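Working notes, structure below.
There are 2 protein chains.
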Amino acid sequence: MYSTEKYPSKILQEAVEAIGSLPGVGSRSALRLALHLLGQPAESIHHFTEAVNRLADDVHYCHICQMIADADTCSICADRSRDARTICVVESVRDVMSIEATGQYRGVYHVLGGIISPIDGIGPSDLKIKELVERIERMHSEDAATEDLPGGDSLSLGEIEIILALSGDVEGETTSLYIYRQIEGLGVKVSTLARGLGFGDDLEYADSLTLGRSLIARQPFRP
Amino acid sequence: MYSTEKYPSKILQEAVEAIGSLPGVGSRSALRLALHLLGQPAESIHHFTEAVNRLADDVHYCHICQMIADADTCSICADRSRDARTICVVESVRDVMSIEATGQYRGVYHVLGGIISPIDGIGPSDLKIKELVERIERMHSEDAATEDLPGGDSLSLGEIEIILALSGDVEGETTSLYIYRQIEGLGVKVSTLARGLGFGDDLEYADSLTLGRSLIARQPFRP
């Protein structure tokens, strides 16, 4: 008799444990997926694992913005129609994808690769903050790399805008503040995302923190 | 700008597609899982894919009952306290695990590895039906392998019971009937699972097919 912890095969058990270690995949789902894979031809399983292995082995990161890429420079940094003077600082690859999906942004990015979180042991030196500072300094310097600024000469620092687009929780605020302290002396413009009630949100269902802050941060009415 | 079909990296896209090919994993979940894996150390990803690869490369199947096993004989067939005269015929490894989890069964199994399904191109020869017939004949023969019948001599066929524990849909019924036709001449006892209302089920919520059949198959009341 198998209990929920006991499997007919150690190999099956280890596969279930590996699949169940993925976020949001419970032990029942993991068993279902493992048994599905078990029923597949070996080449299908190998195709699956090779695609996953390439995430570990073959992925490049853009040397300018640290975004995932298939080459040394990502498609956004390589795109000369993007405004390289506006750099949106985000936590992760996913955030870049979310912002790109809005279709509202024509600048470039800087992917930190995480957020300052003492509880997870992640400090500023684990993130690409130094790279951001160096990138800004490089844009200003005489020998501004054409890669950083396609088609342009070096910029005065006042022409550069850094948008801190991090999450609104304590870790995000801490990280934003830390980055601000690192770059405020450079003279670049620093902005952050607008916060307030969501567009179309009903006051009745808004959480009181958001509602309160939206009142404090009220803006001129533009009819 | 990325649409939902466009990814910043072909490697990421292929990983998302591979993960999204798993049953019950949608494209959003697949992206979430791929980005999670992308953030893991390479050794974690390799540990994951190795555990999955072993499903293709290292799994054994019991030479008696076709159950997944870590050796040539599974732990159930190797267990001398199990009643090897009672063979429960099931579709899959998962069904064995489900029945074992009930703790109500002390016999052994025969895993077909599927079910007859013309629409999926699965015929009787794709299943371990021939192996079942041979197994029964071997139990009866003079040189009954001790593996098939731990501690026993050959059996008269009337001592052997085959429980057809397949699903109640058309494919299951078809497969049960096919197997029955193959073994009815052997003189073994053939049974199937009781069907009716679930224990504790409320009449009000029972589907009418089950309720109707439970009426027709009514049983003596045992107070």
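As they're listed, the protein sequences go chains A and L.
So for the first sequence, this note's numbering puts the first residue at 1; every next one is plus one.
So for the second sequence, this note's numbering puts the first residue at 1001; every next one is plus one.
Just so you know, even glycine gets a beta-carbon here, dropped at the ideal spot from N, CA and C.
For clarity, every value in this text was computed on a predicted model and none was experimentally measured.
For L:Thr1049, a Cβ of chain A is located within less than 8 Å of the residue's own Cβ. Beyond the five residues adjoining it in sequence on each side, L:Val1188 comes within less than 8 Å, by CB distance, of Ile1136, Leu1157, Gly1158, Ile1160, Glu1161, Ile1162 in the same chain, given in chain order. Within 10 angstroms of the beta-carbon of A:Thr175 lie 16 or more other beta-carbons, which makes it buried. In the three-state reduction of the DSSP assignment, A:Lys189 falls in the strand class.
Taking a contact as a CB-CB distance under 8 Å, the pair A:His110 and A:Ile76 does not count as one, their CB atoms being some 11 Å apart.
Here the stretch 1079–1093 of chain L makes contact with the stretch 1101–1108 of chain L; the two share three or more CB pairs at distances below 8 Å. Close CB contacts of L:Leu1197 within its chain, under the 8 Å cut and outside five residues either way in sequence, are with Leu1203, Ala1206, Thr1210, Leu1211, Ser1214 (chain order). Counting only Cβ-Cβ distances below 8 Å, A:Ile136 has no contacts in chain L at all, with the closest Cβ about 23 Å away. Contact with chain A is absent for L:Asp1072, since none of that chain's Cβ atoms lies less than 8 Å from the residue's Cβ.
A direct Cα-to-Cα measurement between A:Gln13 and A:Ala165 gives close to 42 Å. Of all residues in the stretch 1053–1064 of chain L, the ones placed with a Cβ closer than 8 Å to any Cβ belonging to chain A are Asn1053, Arg1054, Leu1055, Ala1056, Asp1057, Asp1058, Val1059, His1060, in chain order. Just measuring C-alpha positions, the residue of A:Ala71, A:Gly121, A:Cys65 sitting nearest A:Val96 is A:Cys65. It is roughly 25 Å from the alpha-carbon of L:Asp1070 to the alpha-carbon of L:Glu1043.
Taking C-beta separations shorter than 6 Å and ignoring five residues to either side along the sequence, the partners of A:Leu37 in its chain run Ile45, following chain order. A:His47 and L:Ala1018 do touch by the CB rule: their CB atoms are close to 7 Å apart, below 8 Å.
Beta-bridge analysis with DSSP links A:His110 to A:Val89. With respect to chain A, the C-beta atom of L:Ser1117 has no partner C-beta closer than 8 Å. At a cut-off of 8 Å, the C-beta of L:His1036 has a neighbouring C-beta in chain A. Taking all protein chains in view, the Cβ of L:Gly1200 is surrounded by fewer than 16 other Cβ atoms within 10 Å, so the residue is classified as exposed. Annotation: L:Arg1085 to L:Val1190 spans about 12 Å, alpha carbon to alpha carbon. Closer than 8 Å to the CB of L:Val1108 there is not a single CB belonging to chain A. L:Leu1033 reaches chain A at Leu22, Pro23, Gly24, Val25, counting residues in chain order whose Cβ is nearer than 9 Å.
Taking CB atoms only, L:Ser1214 has no neighbour in chain A less than 8 Å away. Straight-line measurement puts the Cα of A:Gln40 at about 15 Å from the Cα of L:Gly1121. Within the same chain, Glu1171 come within 8 Å of L:Ser1117 by CB-CB distance, once the 5 residues on both sides are set aside.
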